[in-house]
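Down below is the structure, laid out as structure tokens.
In the UniProt record's numbering, the protein residues as written are 1 to 78.
As structure tokens, this is what we get:
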């Protein structure tokens, strides 16, 4: 897993290399996300079950498929 800050408000969390469930790492990254910030989640699949959790916690998600096994999901505060 790697976390990268691309500017003051955008962070990238690549969970493709995590063995097992990345939910904890995703939630930890969101806890420190600035109000005007964006977390770009990079995953091997579209994390559909995550969308409802994000909505319940006050976030929005915009998915984008980049390749057959690469999804980028931009997560922001609602």
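Glycine included, C-beta positions come from ideal geometry on N, C-alpha and C.
If you draw a straight line from the C-alpha of residue i to the C-alpha of residue j, how long is it?
i: residue 62; j: residue 12; result: 14 Å
i: residue 31; j: residue 46; result: 22 Å
i: residue 19; j: residue 26; result: 14 Å
i: residue 41; j: residue 72; result: 6 Å
How would you call residue i, buried or exposed, if buried means at least 16 neighbouring beta carbons within 10 angstroms?
i: residue 43; result: buried
i: residue 29; result: buried
i: residue 22; result: buried
i: residue 120; result: What is shown of the chain runs 1 to 78, which leaves residue 120 out entirely.
Hey, residue i and residue j are a contact pair by Cβ (cut 8 Å); roughly how many whole angstroms apart?
i: residue 59; j: residue 78; result: 6 Å
i: residue 38; j: residue 74; result: 5 Å
Pick from the options: whose alpha carbon is nearest that of residue i?
i: residue 69; options: 9, 10 and 16; result: 16
Jot down the residue ranges of each uninterrupted alpha helix (DSSP H) in the UniProt domain "DUF2249" (12–77), minimum 4 residues, whole runs only, in chain order. 23–31 and 48–56
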